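Chemist: Have a look at this one before I ask anything.
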Amino acid sequence: MSRFDECLKIVLKHEGGWANHPSDPGGATMKGVTIAVFERFKGRDVTHAELLAISDEDLQAIYRKGYWDKVRGDQLPRGLDLVAFDAAVNSGPSQGAKWLQRAVAAVDDGKIGPDTIAAAHSIDPVIAINNACERRLAMLRGLSTWHAFGRGWTARVDDIRVQALGMAGRAERGPGLRQRPTGNFWAEVAEAFRGIWKGN
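Right, dumping it as structure tokens:
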């Protein structure tokens, strides 16, 4: 399984299936793909029925080209690739890139380039993963839709954090797909928080 396939499997677990929540500005969504995104991909108007029946091939192409490639997933360290990818899917590639860039002390222009890639490889991945996840949660809490989606967003980011730490090699494998942090996890979280408070 490629890194993209591994990360997509985790992301899709959180995206679920069909949704058309009245509070969701994305409107009708299937496996995380909104009807507007599917229409851009197809180059035409699509019906709800077409979106509901989206093929695995189209789904993978949309996620790879629209999100994974935009955050340069193949070039990021393991763990940080999942953090940036999931954030891009949930909040847009530019915002996902900015959370990562701020976490690794790179210029937060929303476009991951060589400087961000170099910074991501030069920092302790545990600190970067925790920092990016905390920044993401902090912004989500300020959104007007937090009351409707806050619990789900929190659970999602918490799971992405654990999965990413496991990918980074700082966790022991637990039952199923989830990863269990090592005994040093909370000390590493505290260090990440200190970085956030200092504005790093």
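The sequence shown runs 498 to 697 under the numbering used here. Glycine is no exception: its CB is placed at the ideal position from the N, C-alpha and C atoms. Only a predicted model underlies this, so the values are computations on that prediction, with no experimental measurement involved.
For A635, which residues from the same chain have a beta carbon less than 7 Å from its beta carbon, with the 5 sequence-adjacent residues on both sides left out?
Modeler: Sequence index remark: in the sequence shown, residue 635 carries index 138 (1-based). Taken in chain order, the list of residues that qualify is empty.
Chemist: What's the C-alpha gap between D605 and T613?
Modeler: As a working mapping, residue 605 is identified with position 108 in the sequence shown. As a working mapping, residue 613 is identified with position 116 in the sequence shown. Going by the C-alpha atoms only, they are around 9 Å apart.
Chemist: Give the range of the alpha helix (DSSP H) segment to which P574 is assigned.
Modeler: As a position in the sequence shown, residue 574 is number 77, starting the count at 1. Run containing P574: none; DSSP gives neither H nor E here.
Chemist: Where does L573 land, buried or exposed, given buried means 16+ other C-beta within 10 angstroms?
Modeler: Here residue 573 corresponds to residue number 76 of the sequence shown, with the count starting at 1. Buried, since its Cβ has 16 or more Cβ neighbours within 10 Å.
Chemist: Ends of the alpha helix (DSSP H) at D555?
Modeler: Taking the sequence shown and counting its residues from 1, one reaches residue 555 at position 58. Its alpha helix (DSSP H) spans residues 553-560.
Chemist: By DSSP, does M636 sit in helix, in strand, or in coil?
Modeler: Within the sequence shown, numbered from 1, the residue matching residue 636 stands at position 139. Of the three classes helix, strand and coil, the one that applies to M636 here is helix, per DSSP.
Chemist: Can you tell me whether DSSP reads M664 as helix, strand or coil?
Modeler: As a position in the sequence shown, residue 664 is number 167, starting the count at 1. Here M664 sits in helix by DSSP.
Chemist: Which runs of the beta strand (DSSP E) at least 3 residues long sit entirely within the stretch 590-627? Give them in chain order.
Modeler: Entirely contained in the stretch 590-627, not one beta strand (DSSP E) run reaches 3 residues.
Chemist: Can you tell me whether T651 is helix, strand or coil according to DSSP?
Modeler: What you label residue 651 is simply residue 154 of the sequence shown in a count that begins at 1. Note: T651 maps to helix in three-state DSSP.
Chemist: In whole angstroms, what is the alpha-carbon distance linking A595 and I532?
Modeler: Translated into positions along the sequence shown, residue 595 becomes position 98. Translated into positions along the sequence shown, residue 532 becomes position 35. Looking at the sequence shown, residue 595 is not Ala but Lys. Cα-Cα distance, rounded: 25 Å.
Chemist: Per DSSP, what kind of secondary structure is V534 in: helix, strand or coil?
Modeler: As a position in the sequence shown, residue 534 is number 37, starting the count at 1. Helix at V534.
Chemist: Alpha carbon to alpha carbon, how far is A665 from W779? Give it in angstroms, no decimals.
Modeler: Since the first and last residues shown for the chain are 498 and 697, residue 779 lies out of range.
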